[in-house]
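Asks:
Protein chains: 2
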Amino acid sequence: MANTDNPFLGYSGRIDTKDGVYSQSEVGLANRNSGNLLETLALDITPTGLHYLLIHFDVPLIDAGAHRLGFSGAFDAPFELGLDEIKALPQVTLPVTLECAGNGRSGISPRAHSMPWLYEAVGTSEWTGTPLRPLIERARPRADVVDIAFFGADYGFDKGVGHCFGRSLTLEQIADLDVMLVHSMNGQPLLPQHGAPLRLIVPGWYGMASVKWLGRIEALTQPFDGFQQVQTYRFRDSDTDPGRPVTTMRVKSLMVPPGVPDWGTRKRYLEPGPVTLVGRAWSGGGVPVTRVEVELDGVWREARLEQQTGRHAWTKWSCDWLASPGDHVLRCRATDANGAVQPLDPPWDVAGFANNAAQKVHVFVAEG
Amino acid sequence: MANTDNPFLGYSGRIDTKDGVYSQSEVGLANRNSGNLLETLALDITPTGLHYLLIHFDVPLIDAGAHRLGFSGAFDAPFELGLDEIKALPQVTLPVTLECAGNGRSGISPRAHSMPWLYEAVGTSEWTGTPLRPLIERARPRADVVDIAFFGADYGFDKGVGHCFGRSLTLEQIADLDVMLVHSMNGQPLLPQHGAPLRLIVPGWYGMASVKWLGRIEALTQPFDGFQQVQTYRFRDSDTDPGRPVTTMRVKSLMVPPGVPDWGTRKRYLEPGPVTLVGRAWSGGGVPVTRVEVELDGVWREARLEQQTGRHAWTKWSCDWLASPGDHVLRCRATDANGAVQPLDPPWDVAGFANNAAQKVHVFVAEG
Numbered sequence: 240m241a242n243t244d245n246p247f248l249g250y251s252g253r254i255d256t257k258d259g260v261y262s263q264s265e266v267g268l269a270n271r272n273s274g275n276l277l278e279t280l281a282l283d284i285t286p287t288g289l290h291y292l293l294i295h296f297d298v299p300l301i302d303a304g305a306h307r308l309g310f311s312g313a314f315d316a317p318f319e320l321g322l323d324e325i326k327a328l329p330q331v332t333l334p335v336t337l338e339c340a341g342n343g344r345s346g347i348s349p350r351a352h353s354m355p356w357l358y359e360a361v362g363t364s365e366w367t368g369t370p371l372r373p374l375i376e377r378a379r380p381r382a383d384v385v386d387i388a389f390f391g392a393d394y395g396f397d398k399g400v401g402h403c404f405g406r407s408l409t410l411e412q413i414a415d416l417d418v419m420l421v422h423s424m425n426g427q428p429l430l431p432q433h434g435a436p437l438r439l440i441v442p443g444w445y446g447m448a449s450v451k452w453l454g455r456i457e458a459l460t461q462p463f464d465g466f467q468q469v470q471t472y473r474f475r476d477s478d479t480d481p482g483r484p485v486t487t488m489r490v491k492s493l494m495v496p497p498g499v500p501d502w503g504t505r506k507r508y509l510e511p512g513p514v515t516l517v518g519r520a521w522s523g524g525g526v527p528v529t530r531v532e533v534e535l536d537g538v539w540r541e542a543r544l545e546q547q548t549g550r551h552a553w554t555k556w557s558c559d560w561l562a563s564p565g566d567h568v569l570r571c572r573a574t575d576a577n578g579a580v581q582p583l584d585p586p587w588d589v590a591g592f593a594n595n596a597a598q599k600v601h602v603f604v605a606e607g
Numbered sequence: 240m241a242n243t244d245n246p247f248l249g250y251s252g253r254i255d256t257k258d259g260v261y262s263q264s265e266v267g268l269a270n271r272n273s274g275n276l277l278e279t280l281a282l283d284i285t286p287t288g289l290h291y292l293l294i295h296f297d298v299p300l301i302d303a304g305a306h307r308l309g310f311s312g313a314f315d316a317p318f319e320l321g322l323d324e325i326k327a328l329p330q331v332t333l334p335v336t337l338e339c340a341g342n343g344r345s346g347i348s349p350r351a352h353s354m355p356w357l358y359e360a361v362g363t364s365e366w367t368g369t370p371l372r373p374l375i376e377r378a379r380p381r382a383d384v385v386d387i388a389f390f391g392a393d394y395g396f397d398k399g400v401g402h403c404f405g406r407s408l409t410l411e412q413i414a415d416l417d418v419m420l421v422h423s424m425n426g427q428p429l430l431p432q433h434g435a436p437l438r439l440i441v442p443g444w445y446g447m448a449s450v451k452w453l454g455r456i457e458a459l460t461q462p463f464d465g466f467q468q469v470q471t472y473r474f475r476d477s478d479t480d481p482g483r484p485v486t487t488m489r490v491k492s493l494m495v496p497p498g499v500p501d502w503g504t505r506k507r508y509l510e511p512g513p514v515t516l517v518g519r520a521w522s523g524g525g526v527p528v529t530r531v532e533v534e535l536d537g538v539w540r541e542a543r544l545e546q547q548t549g550r551h552a553w554t555k556w557s558c559d560w561l562a563s564p565g566d567h568v569l570r571c572r573a574t575d576a577n578g579a580v581q582p583l584d585p586p587w588d589v590a591g592f593a594n595n596a597a598q599k600v601h602v603f604v605a606e607g
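Top to bottom, those sequences are chains A and B. Sequential numbering of the first sequence, starting at 240, is according to my numbering. Sequential numbering of the second sequence, starting at 240, is according to my numbering.
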């Protein structure tokens with residue numbers, strides 16, 4: 240498909256968020272790309288249908304029976320597999336927390352034109368499939384292979400460039416991570432919107448690495464230069480900065496907003512008295528969370544941490560609060576085993592990636 | 240919970256949509272309340288997890304084993320049922336198309352502050368449960384009963400009023416409609432966000448009637464005056480108009496946007512040549528769709544209609560188009576057996592309810 244004769248040169252405008260307004264096309268993206276509901280952070284596993292979705296183009300509706308995964312390019316022993324053959328390989332089930340790299344974009348000013356996430360683009364599912372590494376070894380990458388690229392069936396335009404969604408990992412990254420080819424989610428076949436019939440799961444990385452509707456794995460002897468690898472998902476200080484790749488998730492925590500909401504504003508209403516705040520915390524690259532603090536009435540307090548349910552799954556935390564009448568702003572922040580701590584203010588990035596600033600929850604506590 | 244001592248008086252502002260901007264709280268609602276993906280209109284049944292969600296407050300997480308449905312108020316033979324008892328009653332499975340009353344709100348100017356739906360708040364699922372009418376008869380409503388009210392477990396504030404979500408129907412409405420108490424959706428137990436463990440389904444009505452997290456059915460000898468019955472879900476010409484209740488769905492149609500999208504704008508790109516456009520059409524109250532027309536290059540053409548899969552399920556339509564290079568705006572409009580036709584321009588309503596104006600899809604067709 241020709242790229243030069245079309246008007247899809249994209250929208251690269253910056254949006255001044257001082258006035259807090261959003262464009263029609265941002266709301267169009269928000270209507271399509273759905274977030275978690277923060278109250279379900281009380282659960283270890285995000286309910287099916289509430290795991291966040293970030294869908295670049297249209298969901299391809301693929302015939303699972305006819306679907307083939309091809310290993311091609313600079314492999315000495317290229318092959319193809321059907322879904323039944325993948326299910327006959329050794330199977331593993333892992334709980335994995337995935338977060339969208341754009342989560343928190345709405346908190347960064349000026350804001351890049353893209354999906355206007357607040358806090359909700361994170362979820363934990365149980366993924367079932369087969370480890371990728373033995374399949375790569377079976378295909379025998381040539382000695383000069385530098386990248387393994389993964390291509391989905393979803394096709395569209397971004398900034399005027401027509402392409403299938405594609406991402407790459409190095410052989411070292413594949414060996415270090417528990418990368419999986421998965422066909423099931425929470426004990427059920429993958430739903431169309433989550434990549435049916437086959438997707439990649441790259442635990443510990445932001446979600447863009449976990450390519451959906453996976454059809455082709457290609458060994459490359461040059462660094463992968465696909466749009467989604469080199470044109471986006473990069474940290475950039477300015478529009479002219481070539482940038483650094485977005486990879487593993489930054490340490491982050493969220494709380495279940497306490498009390499009950501107002502419909503239109505989502506502000507919280509609470510009776511005075513003791514409250515147990517609960518939430519989840521996670522980091523990337525398999526690094527555990529070691530500490531969560533909650534700011535209550537201006538004082539940072541230690542939260543209790545529960546045991547992680549898996550190396551790549553979020554950690555539940557809780558913290559007691561004696562809610563007193565008036566307006567309150569609650570915050571939480573996590574620290575990981577590398578010593579990384581969530582910042583209180585959003586880290587600057589041109590495209591609004593990886594905003595892991597501490598969540599703020601506005602609460603009104605009534606008179607007793 | 241006292242209502243008078245809190246700041247939850249809501250946001251009743253009108254938004255001038257000439258400049259196409261949305262507020263932070265509207266985007267907050269759009270991040271929570273997710274729509275269908277229009278490409279899945281190709282399927283008879285909306286994939287699980289893509290059925291639209293409009294959640295007024297927080298999702299209550301209910302223990303299905305302990306849940307009881309109570310019949311109370313002006314019944315001569317009130318009783319309670321557990322979920323197992325409901326599952327032991329005669330079971331029916333029906334495909335039902337539900338649309339949010341606020342679908343299309345973003346197309347109305349000035350726009351009410353609420354969930355800024357574009358086109359996506361519609362879906363069709365297969366619901367399994369038991370008919371409601373025999374249970375109402377078993378509870379024996381007194382002769383002076385005028386309304387049957389249905390209460391969910393979800394609690395919160397709207398315009399300063401704290402309340403559980405509640406709606407009512409008359410005995411005649413319950414008898415006329417295939418109203419069901421459902422525990423399963425698409426062959427699986429209800430998901431938390433869809434009303435688990437038990438919800439009402441009122442086929443043919445906008446979605447607000449299908450009360451989720453249903454816990455109590457109350458017979459009333461006075462008209463139900465709950466917030467969601469009398470303060471909202473009413474058609475009003477002005478802020479001082481007492482209004483008329485929103486009930487059955489208006490005739491409407493949507494198409495799968497052809498071609499492939501641009502990420503940021505969702506504009507469509509197509510190669511020139513023959514294209515088969517497909518979509519769905521529906522109306523309310525069990526009235527079938529009799530006609531769908533598609534505007535192609537300024538001419539309204541008849542679409543082919545397929546057989547409905549159920550009295551309350553949408554109808555698939557298709558129409559052939561020879562796409563020629565250039566920019567196009569495609570539209571579709573349906574007519575139902577009552578002779579109601581979709582308008583080309585949005586019908587005015589203060590709260591932006593029931594906008595059934597013909598969908599517009601912007602398409603760019605490349606040179607061959």
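Beta carbons: idealized from backbone N, C-alpha and C, even for Gly.
1) For B/Trp587, which of B/His601, B/Ile440, B/Gly346 has the nearest alpha-carbon?
2) How many angstroms separate the CA atom of A/Leu292 from the CA atom of A/Gln432?
3) Rounded to the nearest angstrom, what separates A/Gly609 and A/Asn595 at their Cα positions?
4) Could you tell me which residues DSSP puts in a beta bridge with B/Leu408?
5) Starting from A/Leu276, find everything on chain B with Cβ-Cβ shorter than 9 Å and list it in chain order.
6) Whole angstroms is fine: what's the gap from A/Ala590's alpha carbon to B/Asp417's?
7) Using a Cβ-Cβ cut-off of less than 8 Å, give me the residues of the stretch 500 to 530 of chain A that come near chain B, in sequence order.
8) Taking only three categories from DSSP, how would you classify A/Val495?
9) I'd like to know if the stretch 548 to 567 of chain B and the stretch 512 to 530 of chain B are in contact, where contact means that at least 3 CB-CB pairs between them fall below 8 Å.
10) Report buried or exposed for B/Glu457, applying the criterion of at least 16 other Cβ atoms within 10 angstroms of its Cβ.
11) Which same chain residues, not among the five before or five after B/Gly434, have their C-beta less than 6 Å away from its C-beta?
12) What number of angstroms, rounded off, separates the C-alpha of A/Val335 from the C-alpha of A/Asp283?
13) Check the DSSP bridge columns for B/Glu359 and list the partner residues they point to.
14) Taking B/Pro317 and B/Thr369 to be in contact with their CB atoms under 8 Å, please state how far apart those CB atoms are, rounded to whole angstroms.
15) Whose Cβ in chain B lies nearer than 8 Å to the Cβ of A/Val266?
16) Is it true that the stretch 460 to 475 of chain A meets the stretch 374 to 390 of chain A, where meeting means three or more beta-carbon pairs spaced less than 8 Å apart?
17) Taking contact to mean at least 3 C-beta pairs separated by less than 8 Å, is the stretch 475 to 482 of chain B in contact with the stretch 509 to 528 of chain B?
18) Can you tell me where the alpha helix (DSSP H) holding A/Ile375 begins and where it ends?
19) Quick one: using the 10 Å Cβ neighbour count with 16 as the cut-off for buried, is A/Trp366 buried or exposed?
20) What did DSSP end up calling A/Gln427 once you bin it into helix, strand or coil?
21) Answer with buried or exposed for A/Glu376, where buried requires no fewer than 16 other C-beta atoms within 10 angstroms of its C-beta.
22) Taking only beta-carbon atoms, is A/Thr554 less than 8 Å away from chain B?
23) Can you grab the Cα-Cα spacing for the pair B/Lys326 / B/Pro496, in whole Å?
24) Under 7 Å, CB to CB, which of the residues in the stretch 391 to 408 of chain A have a partner in chain B?
25) Let me check understanding here. Comparing Cα to Cα, which of B/His601, B/Val602, B/Ala593, B/Val600 lies closest to B/Pro355?
26) Am I right that B/Gly524 and B/Leu333 are in contact with their C-beta atoms under 8 Å? What's the rounded C-beta distance?
27) Please classify B/Gln598: does DSSP put it in a helix, a strand, or coil?
28) On the three-state DSSP scale, how would you describe B/Lys326?
29) In chain B, what lies closer than 7 Å to A/Pro286 by C-beta?
30) Assuming A/Glu319 and A/Gly309 form a contact by the criterion Cβ under 8 Å, report the distance between their Cβ atoms to the nearest whole angstrom.
31) In whole angstroms, what is the alpha-carbon distance linking B/Leu430 and B/Ser492?
32) Please return the same chain residues whose Cβ sits closer than 6 Å to the Cβ of B/Phe603, not counting the five positions on each side in sequence.
33) List the residues of chain A whose Cβ lies closer than 8 Å to the Cβ of B/His352, in chain order.
34) Just the Cα atoms here: how many angstroms apart are A/Arg307 and B/Arg406?
35) Please report the straight-line C-alpha distance between B/Ala269 and A/Arg505, rounded to a whole angstrom.
Replies: So, from the listed chains and residues:
1) B/Gly346
2) 7 Å
3) Beyond the ends of chain A as shown, which are 240 and 607, falls residue 609 of chain A; an answer cannot be given.
4) B/Ile387
5) Arg271, Leu292, Ile294, Asp297, Val298, Pro431, Gln432
6) C-alpha separation (whole angstroms): 50 Å.
7) Pro500, Asp501, Trp502, Gly503, Thr504, Arg505, Lys506, Tyr508, Glu510
8) coil
9) yes
10) Answer is buried; the Cβ neighbour count reaches 16.
11) Lys451, Trp452
12) 11 Å
13) Per the DSSP secondary-structure output, B/Glu359 pairs with nothing in a beta bridge.
14) 18 Å between Cβ atoms; not a contact.
15) Tyr261, Glu265, Val266, Ala269, Ser345, Pro355, Leu357
16) yes
17) no
18) Segment 372 to 378, the alpha helix (DSSP H) holding A/Ile375.
19) buried
20) strand
21) It is exposed - the Cβ of A/Glu376 has fewer than 16 other Cβ atoms within 10 Å.
22) no
23) 40 Å
24) Tyr394, Gly395, Phe396, Asp397
25) Per the Cα distances, B/Ala593.
26) Not quite, the Cβ-Cβ distance comes to about 15 Å (not below 8 Å), so this is no contact.
27) Strand at B/Gln598.
28) helix
29) Here the neighbours are Leu430, Pro431, Gln432.
30) So it is a contact: roughly 5 Å between Cβ atoms.
31) 27 Å
32) Tyr508, Asp566
33) Residues of chain A passing the Cβ test: Gly503.
34) 50 Å
35) Near 12 Å, if we compare the C-alpha coordinates of A/Arg505 and B/Ala269.
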